[in-house]
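The sequence shown begins at -16 in this note's numbering and counts up by one. What follows is a set of notes on a single structure, which appears directly below.
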Amino acid sequence: MKIYTRTGDHGETALFSGGRVPKYHLRIEAVGTVDEINSTLGLAHSLNPGDALRPILESVQRTLFVVGAQMATPDRDKLAVDPIEGRDIVQLETWIDQLEETLPPLTQFILPGGTAAASALHQARSVCRRAERILTRIHSELPDPPPGEPLVYLNRLSDLLFVMARTANLQAEQSDRIWEGRRSKK
């Protein structure tokens, strides 16, 4: 099988449930952004985030393929995977709660960064927020939003990625960088 198909050479791509749309379509923007999250998580995984975070990253990466499939399948009856639902969100919340137990309380804003792995996780978090904004547009502008609960999943995933970034820093004995606000001169 060849990797190229030439079917997208004129700026269109296929949806999983059939039909073709322009590559700038909101659904394709969402699929691409979810893929970007997944790629950034792959980078974070390669940057030694710590043994506690590796299985979480792998699980999330696998689940993001489901989210992408939901974005590309307007017809729920043609969805070839089980959609993101409550149990997926509960899993994210469980991981958040477990990781937060090990972290010092957050009393100030922190700057994204720290170790390379934490920085990649912060990058994934910001891309996740963009995916969430795109999916919100899909829900408000298209007649057939994705089935299941991918919007809630992405919202909770961005929270998990923030906690994971802090955890990666903690495990590497790297302090979070605190944002020091600016005071207006009066």
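Heads up, the beta-carbon is just placed ideally off N, CA and C, and yes, glycines get one too.
Cβ neighbours of L24 within its own chain (closer than 7 angstroms, five residues either side excluded): L40, V43, Q44 and A107. Excluding its 5 nearest sequence neighbours in each direction, P128 has C-beta neighbours in its own chain below 6 angstroms: I121 and H122, listed in chain order. Closest in alpha carbon position to F92, among I161, K6 and T16, is I161.
Taking a C-beta distance under 8 angstroms as the contact criterion, A55 and A63 do not qualify as a contact pair. The C-beta distance from M147 to L36 rounds to 6 angstroms, short enough to fall under 8 angstroms.
Going by DSSP, A63 is part of no alpha helix (DSSP H) at all; its letter is neither H nor E. For V135, same chain residues with a beta-carbon under 6 angstroms away, outside a window of 5 residues either side, are I72 in chain order. Around the Cβ of P133, a 10 Å sphere holds 16 or more other Cβ atoms; the residue is buried.
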